[in-house]
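Mapping the sequence shown onto this note's numbering, position 607 (from 1) lands on 797, and the numbers just tick up by one.
All residues carry an ideal CB built from backbone N, CA and C; glycine is no exception.
Notes for the one structure printed next.
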Amino acid sequence: FATTRYPFAPFIVHFKEDIRDKLVVEHLVKYAKEQCNNFDLRVLGYRRTQTNNTVDEYDVLVFVENTQSFAFLREVGNWPAQLVGKEYSRKMLSIPPQLSGVIQNVAFNVDWDEFVQDLKRQYPQIVNVIRLKNRNLKDLKLVKVEFNSDTIRNEFLEGKYVYVHFMRYPVVEYMALAQVLICSRCMHIGHFQKNCPPKDEVTCKICGAICADLKKHDCHGIAKCIRCGGDHKSSDTKCPKVKDYRAALTRTLLSTRNQVQANQPVKNNPAFTISNFPRLDHLSSANTLTANDNHVDAIGMFEKLRETMIEEGKKTRESFDQLKEEMSQRNNACEQELSNLKPKVAMLDNQLAQHDLVQQETMILITSIIQVIKSGTKKKGEDIEAFSCMMDELMSKYHINSRDLKFCNTKTGQQVLSSTDSLLFHTIIDEWHSSLLLSSCLDNWELISKPKVQLTSTFLYTLCLNVRGLDLRWGEVYLLFSFYNVDIMVLLELGKFDQDTIVTAFPNYFLFYQEGENAHGGVLILVRQTIPVTRVPCHLANVCVVDSHLDETLRLIGMYAPDKRSWSWNDLLSFFLTNSIICGDFNVDLTEDGDKADRLLKWANDLDLSPVVPDIRTSLRSDRTIDYAFAKGTQVTVQVHEGATTSDHKPIILVSAVEDKRKNMASRTSWPVFSLFLSYVFPFWEKQWSAFNMNETYNNFTRYLSLLTARCTRTFPLKLARPAIPPELRSKLSYSRALSFKAKRTGDMKLKIKSAKVRNDVRRELRLFQQNQLAKQLSDRNKSVDSARMFWSKTKKHFRKQTAVLRGFNLSSGQIESDATAMVQLAADYYEKLFEEPSVTRPHPYTDSPLVLSLENNSPIQDVTYADVLKVVKTRKKKRSCDIHGISSYVLNQLPDNYWHFMERLYLNRFMTILEDKGLIPESQSGFLPGRRLQTRVLLFLEQLMSYMSNSSPVATVFVDFKSAFDQLWFAGCLGKLLRMGISKADIKWIGVWLYNRRAVVEIAGERSRWFPIKRGGPQGSCFTPILFITYHSDMEKFLCMAMSFFFADDLAAVIAARTGIRFTEQCIDLERRLNHFFALLEFYAILSVQPINYIKTQAMFSARAVSYPNPMPRISCGGYAIEWVKTYKYLGYWVTTKIGWGNMINRFRIRIRQQVSMINSNRFTGTTSPSLRRILFSTFVLPFFTWLFVLFPLFTHAQITDLSHYYYTSLKRIYHCLHWNDLFFSFAYNEKSLEDHMFLIIGLNT
């Protein structure tokens, strides 16, 4: 049924069983007349179709005659519950052109929301307001308005103009193009083949010739239209005659929509002849155009309307002013009454609470007296029968239970609290009773217990820069200093400079200068004057050495090493201490310079120096990484300044962790006092929970617990202390010291010899004791004992990278905000904007599309069994960390440990079962899912990439980074999408409660910001957030169908290949086209799912077997941002290159392994070390780097595998200090497995 036969699209009524279409239509007409105010429903035609050949399901298509009937059936409330006694479903149609109009000349900069609201205020029957677009999807100045009433639509058009926000816009009809029927037999317009008059003749659609049989027709292949004679096929819909016919037909349908005979009976499949569709020769402009003779004085109507509105507005304002004044007076009176009642209520509550507490204190006192009397009489062995009756009477009189007698030790009769804790307990009680209100008591505790935050940093910030002429760039150096506010600056290649200028520019710094070998050399070190520092004499050119004296001496060596220098690396051996850092321009790239790099690394290994190399090229001239540092005995991190610089070297910033034990403070919390006072005030809080608002009471109670914990905590300075040693060894040390002082005082030689012998014996015993202690801790390292926890906490602290403390915020104005109060507010503003509810255009498919009846799920959540609870409890461990209220899970054993995390784990198990049953997780996703390993995803990705390359096809790999992926989850869209995926309503409700009504606070240096709401994103650290994120984006792969997608949580790697069988240049052009199409689809999905893309971190990599790559590379963009082409990319922990080579990644891993080996050799545990300790640390902190490469071993070359195996043995030999042994003898002597044996052992365990 084409649109040219009926004026409206059919209403589709679906039945799941066989039905007669005539009975359905008659029932519908009868229902409209009897139940809907005698409405005359006009039906122009109907028919029945079978939707499924295997199942008896039928659709009845109902075609209405006029717009009134269409608007009537479009309302859901106008349909009966059943048709002909059977259930049915219907398809809702869109608004047809006959119920639409167009507003012209609507500017693009108009406020769209206000424009729509003003329109709907004037015409409430408006359904949709849509701005029209052209073929290129560009906005037009035409706005389509859809109505649900024919009368209102006619009034809208008859007015010819509409006034919106005091602007007049012309109004015209909306005319949609009709579909023109072209007969496939005669190629004429307006009828089907079966209604075609010439039955024995057929017209060729190409040449236009008339023949009896097309199969026997010899067409010459030259296109010629039979209507216009143009060089196109006769069936082409772009024919000018067809376009004119379509325009005339559209106008005719719209102008005669209500002129159909009202008494026309309902017909099934009515027949039409050629006269119903006149040929072009009979068309005239008079028949196709409609005239409107009714002219309305719009200006006069507007003036009248404006005067009426002004008058009504004045009256409304007057009435509102009167109401406002009356309400203000009533409000003031109520506030006055409340202010008078509040002090009285507070006083009564305080008196009642004090009375209850006094009564409880009296009860505790009586209980303690009874217990002391009982314990004292038992201790003396006296006859207590005389006292028993009296004690029983007192206990029954005051309702004292025998198990409540717990404030004294029943064995000795002594008090549980010590004298210090007892004094603290009574002090807290006095503070509690002396406060009139709870808030005043808590404020007092907060003032007393507020920590004295020291803003002094335990990190040293060092800026290292090859300036290449300080006289030219001292201003740039000063700007870098002002931006980073570093503690130490190392400047290289100074040349000639004015020292007075530098002293004036940096008045608070010590200057240490070392000359170079020529006029362009020289090294200058500037150290902040608050740091105690001395210079170490050094005669080497371009080498400056200083010592920073904190708790431990840290030696800093600033160095510039040109290719032609007068000294070697071995000349620096004497300058290294236990804690040393050497930084500067080494002129050697550790990954690219081959033998030079090997010699430098061998020298560093001999000194146990760990390389600290940035990931970014530091030399702009040679495009190499030659500015870095080596460290020994201290943790150092490095980063590169990415700002603009006039030097050909980028500045590097070193952050070294420095522990100053003189500033360390220790604390002790008296938990007996905490528990006793908590029991003491229990009746008060019991009353608070039952009498006041739950939210307010919860906030007060959490604040009370945190402040009570702080009040029960005493802080004291941590003085220098020695490790605990046995008393007999301590007495021997004292005797040796006294004997040495006596020999020195008297000068007796025999006494000196004796004291030396005693001292050596004591040192030997002390060393033996330390070794025994170390051996014991090594043997207990895998047991659940305190020594094992202490061992791993100390070792992990030694190997864990230290991060710099937050010192301030760089504002957009260039200033640095370091005040903690202002910083927390700035951070709160930033995060409140980050977590605000996204602005989404509605209606949206995720939230407003109709639900599929077959996917509706009302099943409840599966019940939790005891076995499930027990399994989750066993897998969780209690954390010692505190929440934002300062409350630890160790404070109260009765409170559940992190209740929400416990519930999340229980629900996650059920949600995963739902996802597996419904098959909602795609096979291309591997993140946070059991049984899907990261290494498997990496291998699949590499296999697909190499498979494309083996076909001699250029391949582009796009690594997509989503901006704050888990923090951008759209709540409403996620819940709506899950509901449309078939997740039950009970699960949707649970997830909604879990997502909504969350808030956060920012704390910096003891200062807290305001609480702000979180309206997007899942909770960080939750086990359920990644699974919910994966489920929400489970259909992303379907949108990116033209690429092979590999997902790991929020990481996406898409592999796109060009066509095969064509030239390489054409392949590159085809690949560029596919990439642009891919990014268009990606941008569409990002907008649809409200998941923004981080365009800066989204990168692409070009791979091909060709020797040379395109120059320039194809230009690709996403969201208006150019996508960068890279040669290497770190994907899921593995460095991937354009040629799929692994040498670059192996070199990076070797540098990291060298760092860890150096840290192991410099580590001392309880003042000593041993080969077994170093071997254990090697297995813990070095071997994982080798095992991480096992997954790629089949892809390595034989030379790379052999080199790695040798490097594994070399690292072990450095641990055992036997580098002079060969690999075979070392493996035999220490019974060490080879790297291949480790690989096969791990693979065998996993399989």
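N- and C-terminal bounds of the alpha helix (DSSP H) containing residue i
| i | result |
| --- | --- |
| W757 | Taken as a continuous stretch (DSSP letters only), W757 belongs to no alpha helix (DSSP H), as it is neither H nor E. |
| V146 | Lying before the first or after the last residue shown, residue 146 is absent from the chain, which here runs from 191 to 1437. |
| T1126 | 1124-1140 |
| S969 | 939-969 |
| C1164 | 1161-1170 |
| L1265 | 1254-1278 |
| P1361 | 1361-1371 |
| F1415 | 1413-1420 |
For residue i, the first and last residue of its enclosing beta strand (DSSP E)
| i | result |
| --- | --- |
| H739 | 733-739 |
| G185 | Summary: the structure shown does not reach residue 185, with the chain confined to residues 191 through 1437, and so no result is reported for it. |
| A1290 | 1289-1293 |
| M1303 | Neither: M1303 is in no beta strand (DSSP E) and is coded neither H nor E. |
| F1237 | 1234-1238 |
| R920 | Taken as a continuous stretch (DSSP letters only), R920 belongs to no beta strand (DSSP E), being part of the alpha helix (DSSP H) at 917-936. |
| S770 | 770-775 |
Cβ-Cβ distance between residue i and residue j below 8 angstroms
| i | j | result |
| --- | --- | --- |
| Q1115 | I1220 | yes |
| Y750 | N732 | yes |
| Y248 | T257 | no |
| V1150 | T1358 | no |
| N540 | L632 | no |
| V1063 | Q1134 | no |
| I1286 | A1017 | no |
| R858 | R789 | no |
| R1127 | F959 | no |
| V354 | D301 | no |
| I342 | Y313 | yes |
| G1182 | Y1036 | no |
Of the listed residues the options, nearest to residue i (C-alpha basis)
| i | options | result |
| --- | --- | --- |
| A1294 | M357, K1329, N385 | K1329 |
| L684 | N698, E636, N708 | N708 |
| A900 | L929, S860, M884, E918 | S860 |
| L1218 | L1261, W1201, M1171, D1260 | M1171 |
| K840 | I1252, C654, D688, A1239 | C654 |
| N299 | N1421, K331, I412, L941 | K331 |
| T691 | G267, F671, D661, T905 | D661 |
| F766 | D788, G784, P752, W793 | W793 |
| G419 | T617, Y870, C397 | C397 |
| P1282 | L1024, V1381, E304, N1099 | L1024 |
| Y359 | F346, V370, Q369, L371 | F346 |
| I372 | V335, L740, Y435, A1190 | Y435 |
| L628 | M537, I400, D688 | M537 |
| S865 | N883, D838, L895, M884 | L895 |
| S612 | A1243, G665, H422, F867 | F867 |
| C415 | E527, L1001, D426 | D426 |
Whole-number beta carbon distance between residue j and residue i, since they are thought to touch under 8 angstroms
| i | j | result |
| --- | --- | --- |
| V306 | I379 | About 40 angstroms; that fails the 8 angstroms criterion. |
| H217 | V274 | 5 angstroms |
| L1230 | L1272 | 6 angstroms |
| S800 | T652 | Going by Cβ atoms, the distance from S800 to T652 rounds to 16 angstroms, so no, they are not a contact pair. |
| T808 | I842 | 6 angstroms |
| G235 | F253 | 4 angstroms |
Distance cut-off 7 angstroms: residue i Cβ against heavy atoms of the ligand FMN
| i | result |
| --- | --- |
| F1386 | This structure simply doesn't include the ligand FMN, nor any ligand for that matter. |
_Across the region 668-684 and the region 766-778, are there enough close Cβ pairs to call them in contact, namely three or more that are closer than 8 angstroms?_
yes
*Please confirm if the region 364-384 is in contact with the region 282-294, defined as three or more CB-CB distances below 8 angstroms between the two stretches.*
yes
*Touch check for the region 1199-1214 and the region 1134-1153: three-plus C-beta pairs under 8 angstroms?*
no
*Are at least three pairs of beta-carbons, each pair with one atom in the region 1420-1435 and one in the region 1382-1399, less than 8 angstroms apart?*
yes
_Quick test of the definition: if touching needs 3 or more C-beta pairs under 8 angstroms, does the region 711-727 touch the region 693-702?_
yes
*Could you tell me whether the region 1129-1147 touches the region 1245-1265, using the rule of 3 or more Cβ pairs below 8 angstroms?*
yes
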